[in-house]
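All remarks here apply to the structure that follows.
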Amino acid sequence: MSNATKIIHSIPVDPLTGSIAVPIYQTSTFVQEAPGEHKGFDYARSNNPTRETLEKIVAQLEGGERASAFASGLAAIDAVVKLLQSGDEILAVDDIYGGAFRLFTHIYAKFGIKVNYVDTTDVANVLDAITPQTKLIWLETPTNPTLKISDIESIAKIAKQHNVLLCVDNTFASPVLQQPIALGADIVIHSATKYLGGHSDLIAGIVISATQDLGDQIKFIQNACGAILSPHDSWLVIRGIETLELRVQQHSRNAQAVAEYLANHPAIDKIYYPGLATHHNHDIAAKQQSGFGGVISFTLKVDTEEAAKAVVCNTKYFKLAESLGGVKSLLCHPAQMTHKSIPAEKRRASGVADSLVRLSVGLENVEDLIQDIDQALVKAQQTVAAESVATFQ
Ligand SMILES: *Cc1c(COP(=O)(O)O)cnc(C)c1O
């Protein structure tokens with residue numbers, strides 16, 4: 169069965185009515201026949217049929233045993249960290265999502281959980297950084313915003329040898345392009361806000377566990393802490409998943425064409441896209457992903473915040489906004505937006521240069537997108553040239 173057929177038919181027809189669309193069970197509680205005697209649902213924080221349908225679909229998509237849907241990607245990450253206890257350590261990819269960094273550093277540090285940030289693109293660094301206290305390895309691949317690629321299968325082997333859990337944030341690749349559990353990961357998380365939802369109209373997160381036991385632990389945490397996804401948002405994610413494979417394939421095709429165009433553009437210095445043969449660890453991406461996704465980053469020859477600002481303020485179709493993975497193309501300037509709170513030196517050292525621009529390539533016609541970014545780059549060059557002449561005079 170092809171992937172598209174599998175995904176579309178993982179969404180069940182309602183057994184009660186035959187409804188082809190999944191029903192939204194907008195309820196807080198369920199009537200019981202006798203105390204404790206019910207149809208598998210007692211209270212909607214613990215379980216809701218619409219949410220449960222989404223959880224089963226995503227567990228199947230990722231090849232896991234059990235999934236739990238949360239109110240945001242960060243709530244999903246938070247639930248995974250709660251598997252640990254005071255004194256435990258996390259070994260995390262250094263180019264980690266900013267919100268995960270904030271959660272680890274500003275919330276969990278005070279509960280005695282330590283995080284070692286490591287350049288996981290080189291497997292040897294992972295091996296070197298494991299300590300007897302390491303209980304969880306946290307990977308993102310590709311990362312945000314420099315699209316770093318780490319070898320999931322090799323790192324999973326190291327994790328197993330040391331009896332450490334491996335969690336992969338699979339938000340950027342989506343289950344269509346990458347299946348971390350098949351490569352040995354224990355847990356996968358998603359910001360379903362991005363490609364799973366796919367329409368920039370909701371905030372959601374999912375944790376998928378490779379084993380029933382881990383899945384039960386996450387489910388316990390979810391019920392105990394309460395950051396559940398609402399029935400309506402669960403339904404919206406299911407609706408997004410109906411077109412997931414179609415969208416992700418087209419995001420990838422569009423991004424590949426845009427990246428190839430930008431790689432030869434005179435205004436551009438570095439380009440980060442795993443689908444380019446020049447990208448560090450492109451071979452690993454090609455091995456573990458079936459496509460390279462919709463996110464591209466680049467820096468400008470004129471490496472200033474002003475030059476980047478001139479680009480991001482002059483596009484017509486690429487809208488200036490945080491987030492990614494939606495139908496409409498977006499772009500952002502991490503130095504002044506997502507990474508503004510990081511001190512400039514530290515930010516630059518992690519690869520987020522002053523002029524770095526991140527694109528989330530959408531589903532518009534790719535020629536229109538290329539033309540749009542090209543005219544913005546030309547305008548930016550003119551603006552910067554005019555400013556430097558003015559300074560000179
Ligand atoms: C957006 C994002 C998150 C956080 O998800 P929210 O839904 O915004 O809470 C986590 N990881 C990655 C890679 C993301 O892009």
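For the numbering used here, add 168 to where a residue sits in the sequence shown, where the first one is 1.
The beta-carbon is built from N, C-alpha and C at its ideal position, and this holds for glycine as well.
Rounding to the nearest angstrom, what Cα-Cα distance links THR221 and PHE340 in this structure? Each residue's Cα considered, the two are about 23 Å apart.
From ASN533 to PHE269, what does the alpha carbon distance come to, in whole angstroms? Spanning the two alpha carbons is a distance of roughly 35 Å.
Could you name the residues that DSSP lists as bridge partners for LEU259? ASN284, ILE305
Could you tell me the boundaries of the beta strand (DSSP E) in which ASP401 lies? Counting along the chain, ASP401 falls outside any beta strand (DSSP E), though it belongs to the alpha helix (DSSP H) covering 399-409.
Inter-stretch contact (C-beta, 8 Å, three-pair minimum) for the segment 409-427 and the segment 451-470: yes
Start-end ranges of the beta strand (DSSP E) lying completely within the segment 465-503, minimum 3 residues: 498-500
Per DSSP, what kind of secondary structure is GLU223 in: helix, strand or coil? helix
Can you give me the Cβ contacts of ARG516 inside the same chain, cut-off strictly under 8 Å, excluding the 5 residues immediately before and after it? ASP522
From ALA544 to GLY530, what distance separates their C-alpha atoms? 17 Å
Using the C-alpha atoms, what's the distance from LEU259 back to LEU351? One Cα belongs to LEU351, the other to LEU259, and the distance between them is close to 19 Å.
Out of ALA237, PHE486, ASP542, which one is the CA nearest neighbour of ARG526? The option with the nearest alpha carbon to ARG526 is PHE486.
If you draw a straight line from the C-alpha of LYS224 to the C-alpha of SER458, how long is it? 23 Å
Of the residues ALA548, ASN215, GLY232, ALA554, which one's Cα is nearest the Cα of ASP381? GLY232
Can you name the start and end residues of the beta strand (DSSP E) that SER342 belongs to? It is not in any beta strand (DSSP E) - SER342 instead sits in the alpha helix (DSSP H) that spans 342-345.
Buried or exposed for ASN331, going by 16 or more other Cβ atoms inside 10 Å? exposed
CB of ALA392 within 8 Å of CB of GLN549, strictly: no
Please report how far the alpha carbon of ASP540 lies from the alpha carbon of ASP369, in whole angstroms. Distance between the alpha carbons of ASP540 and ASP369: 24 Å.
Can you give me the C-alpha to C-alpha distance between ILE355 and LYS207, rounded to a whole angstrom? Each residue's CA atom was taken as its position, placing ILE355 and LYS207 some 29 Å apart.
CA-to-CA distance, ALA353 to ALA324, given in whole angstroms: 6 Å
Examine the Cβ distances between the segment 264-278 and the segment 401-412 and report whether three or more of them are shorter than 8 Å. no
Enumerate in chain order the residues of its own chain whose CB-to-CB distance from ASP182 is below 6 Å, with the five nearest sequence positions on each side excluded. PRO191, listed in sequence order.
Could you tell me if ALA277 is buried or exposed, where buried requires 16 or more neighbouring beta carbons within 10 angstroms of its beta carbon? exposed
Are the Cβ atoms of SER359 and GLY494 separated by less than 8 Å? At a Cβ-Cβ threshold of 8 Å, SER359 and GLY494 do not count as neighbours.
Less than 7 Å between the CB of LEU414 and some heavy atom of ligand 1, yes or no? no
Buried or exposed, going by whether 16 or more other CB atoms sit within 10 Å of the CB of PHE466? buried
Return yes when the C-beta of PHE269 is under 7 Å from any heavy atom of ligand 1, and no when it is not. no
Euclidean distance between Cα positions of CYS335 and ASN284: 15 Å
Cβ neighbour criterion (16 or more within 10 Å) applied to ILE275: exposed
Taking Cβ positions, are GLN390 and SER236 nearer each other than 8 Å? yes
Contact check, ILE538 vs TYR429, beta carbons under 8 Å: yes
Does SER564 come out as helix, strand or coil in the three-state DSSP assignment? Absent from the structure is residue 564, since the part of the chain shown begins at 169 and ends at 561.
Euclidean distance between Cα positions of LYS484 and ALA425: 19 Å
Got a sec: does ligand 1 put a non-hydrogen atom nearer than 7 Å to the Cβ of THR361? yes
Taking 7 Å as the cut-off, does the CB of LEU499 come closer than this to any heavy atom belonging to ligand 1? Shortest gap from the CB of LEU499 to any heavy atom of ligand 1: 7 Å or more.
Under the criterion of a Cβ to heavy atom distance below 7 Å, does LEU524 qualify as lining ligand 1? no
Buried versus exposed, by CB contacts within 10 Å (16 or more), ALA503: buried
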